[in-house]
């Protein structure tokens, strides 16, 4: 190639013109650009050679000025229309003649420039260019329009992101939602750190980002990892820093479908006919509903009455949500899909829409309510002597908290002697169950509540009032199961195999109290569900089903459907096989609900501890998790929390100590404690 030849080459995506200066070895050339910079180029790096004249690098700007007037892309469309029918190829100089009626070096280079930049009309074929077909041109135009719209959408999305990052209100568009939903789905994978024990690096390798997530994160210059997506959503204000990823990763619906809400409103405004036309009127009874102060779904109430023969009858009234349902209707199927109400520290996700669950389905003080009432007579030992079950009308008299009931019992309020009578029967009933082999394991239970940015943890007290309510619910469950057993009704019976507890001598070697209770708890088998009666060893009952929370537990709702149909003399809504199938589905869902509740409580427990790094807690060593490596389970007694701790010294089960939080990361499910030993100058660190 001659000295002074003008050539085009590329530096990245940048076009450059340069003048050949001298050879560089056998096959390369030094080329000097308009800035005076020298480049060593191989022939394949040269994209165009200007022929007919030689140049100096100082002439390049003038040459480009001559070219500029001819760089009009629309002129190619005219040339394409002339050439497309024949399909003949053209060189840049032939195109210059066609477009400009000139073929001097500036014209030829201008034609080449247009052709090489063209994305619509021509495609390169060797050193020449061939016109695309009309169909190809139409498709290319469509593609470019789509790409232009996409680029425009990306720029507009980036502008809205900038707004959101500044804390300004943003109205996300439909296509934005696709991006945000993809980010949400990917960010929720962070929950898998807890579920399968992955660290962040392993998580990113195990779950590479989908194309839309990768594109979005690259556009924003952020790492395309689950935690990167999580942080972006937090920064945008779409998510809270404490977003419940366990709930998001689950199949549990958080919102109600519009159709379900519509049907709920219709039932509220236009009551469906009551199929239980012979409801027993019990509105004369004094009815107590006893719950936590924050409870909004009131599904059980208690009464006591003295019969003419001197016997006493207990009444357990259960809310009757089936009054508003038909098996397999929209409300029933949606509740079945949910399995139960989800109770979280931040609030609950109800099984039924709130307008029904806290309204006509609930036992509301001072209003006539629909109920399924269990009339129960116990003998002197606490065993069920007689019972009856009735669809009923009741009128709850008092809505009390557990604290209210404890106060009434402590003060011996004469005007509420019915509560004292119920408490007396609850004590007998409990004694009878333990005589039948019931097993009591008392461990402190944390109740975590989150309101706004405040976290509180209280220990759920096993008070007299709570024991009273628990015993009444258990006896109602026994009565429902006995009725089902007597009339051969398929019900979701609940049982528990007899546990194989450690020998008494072995248990006595363990410290009394929480350590011994913890060892017993580990031996307790899981409860089981069956369509036929089965013994519940933990409760000390030969047959049992849950029937007292039909607004909150779908299995209880199934019990109501079956019992009420039988009481009406109708065909049961569920055959044994149908009930078994529904129970399997519901059981799977409720297991997932339990897991989400447990994981969410654990998250907020760690967040509570993270915020109190200087607090000192009393702890008891409960059990070994891995004794060989010093990993134990400790109980923070003031909080009722059981958490792992790694010890670097020898400790014994039941040993008590003082600890403080060394490090806590709720999102990674990490907690580390250090033991406080006041005799030493410094605390000793023990971590997990």
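Numbering (my numbering), first residue to last: 77 to 764.
Glycine included, every Cβ here is placed at the ideal spot set by N, Cα and C.
Answer with buried or exposed for residue i, where buried requires no fewer than 16 other C-beta atoms within 10 angstroms of its C-beta.
i, result
"residue 131", "buried"
"residue 445", "buried"
"residue 562", "exposed"
"residue 319", "buried"
"residue 265", "buried"
"residue 348", "exposed"
"residue 155", "buried"
"residue 90", "exposed"
"residue 421", "buried"
"residue 662", "buried"
"residue 757", "Residue confidence for residue 757 is low, a pLDDT of 42 falling below 50, so the modelled location carries little weight and cannot support an answer."
"residue 754", "exposed"
"residue 218", "exposed"
"residue 112", "exposed"
"residue 77", "exposed"
"residue 651", "exposed"
"residue 433", "buried"
"residue 702", "exposed"
"residue 182", "buried"
Going by the DSSP bridge assignment, what does residue i pair with across the sheet?
i, result
"residue 214", "Paired residue(s): none; residue 214 is not in a bridge."
"residue 693", "735"
"residue 621", "569"
"residue 86", "91"
"residue 767", "The question about residue 767 has no answer, for the chain in this structure spans 77 to 764."
"residue 125", "83"
"residue 700", "708"
"residue 505", "Paired residues: none, contrary to the question."
"residue 451", "391, 464"
"residue 108", "95, 114"
"residue 629", "416"
"residue 718", "711"
"residue 379", "391"
"residue 446", "469"
Spatial neighbours of residue i within its chain, please: CB distance less than 7 Å, with the 5 preceding and 5 following residues excluded, ordered by chain position.
i, result
"residue 714", "693, 694"
"residue 153", "197"
"residue 351", "644"
"residue 311", "241"
"residue 225", "none"
"residue 495", "364, 481, 484, 485"
"residue 377", "363, 364, 365, 393, 439, 470, 472"
"residue 201", "165"
"residue 587", "729, 730"
"residue 180", "none"
In chain order, what residues of the same chain lie with their CB nearer than 8 Å to the CB of residue i, ignoring the 5 residues before and after it?
i, result
"residue 681", "522, 524, 533, 715, 717, 719"
"residue 465", "448, 449, 450, 451, 555, 556, 559, 639, 643"
"residue 516", "510"
"residue 469", "355, 356, 357, 358, 359, 444, 445, 446, 447"
"residue 220", "195, 196"
"residue 342", "none"
Excluding sequence positions up to five away, which residues of its chain have a Cβ less than 6 Å from the Cβ of residue i?
i, result
"residue 672", "322, 323, 326"
"residue 252", "233"
"residue 371", "none"
"residue 239", "246"
"residue 734", "692, 752"
"residue 263", "302, 305, 306, 309"
"residue 508", "457, 458, 459"
"residue 369", "477"
"residue 763", "Only weak support exists for where residue 763 lies, its pLDDT of 46 falling under 50; the value from the coordinates is given anyway. Hits under 6 Å: 722, 738, 748."
"residue 184", "168, 169, 172"
"residue 97", "106, 108"
Between residue i and residue j, how many whole angstroms is the CB-CB distance? I'm expecting something under 8 Å.
i, j, result
"residue 630", "residue 416", "6 Å"
"residue 575", "residue 594", "Going by Cβ atoms, the distance from residue 575 to residue 594 rounds to 14 Å, so no, they are not a contact pair."
"residue 176", "residue 205", "The pair is not a contact, with the Cβ atoms about 16 Å apart (cut-off 8 Å)."
"residue 194", "residue 167", "With 8 Å as the limit, residue 194 and residue 167 do not qualify as a contact, their Cβ atoms being about 15 Å apart."
"residue 439", "residue 467", "Wrong, their Cβ atoms sit about 14 Å apart, outside the cutoff."
"residue 389", "residue 453", "5 Å"
"residue 425", "residue 418", "4 Å"
Taking only heavy atoms of the ligand FAD into account, decide whether any of them is closer than 7 Å to the Cβ of residue i.
i, result
"residue 108", "Of ligands this structure carries none, so the ligand FAD is not represented either."
>> Which complete alpha helix (DSSP H) runs does the segment 276-343 hold, if anything under 4 residues is left out?
In response: 276-282, 287-295, 302-311, 321-325
>> My parser needs the beta strand (DSSP E) runs of 3 or more residues fully inside the segment 521-587; what are they?
In response: 522-527, 530-535, 569-571
> In the segment 170-196, which residue ranges form an unbroken alpha helix (DSSP H) of at least 4 residues, counting only runs that do not cross its ends?
Replying inline: 181-193
> Where are the alpha helix (DSSP H) runs, 4 residues long or more, that stay fully inside the segment 227-278, in chain order?
Replying inline: 250-263, 268-272
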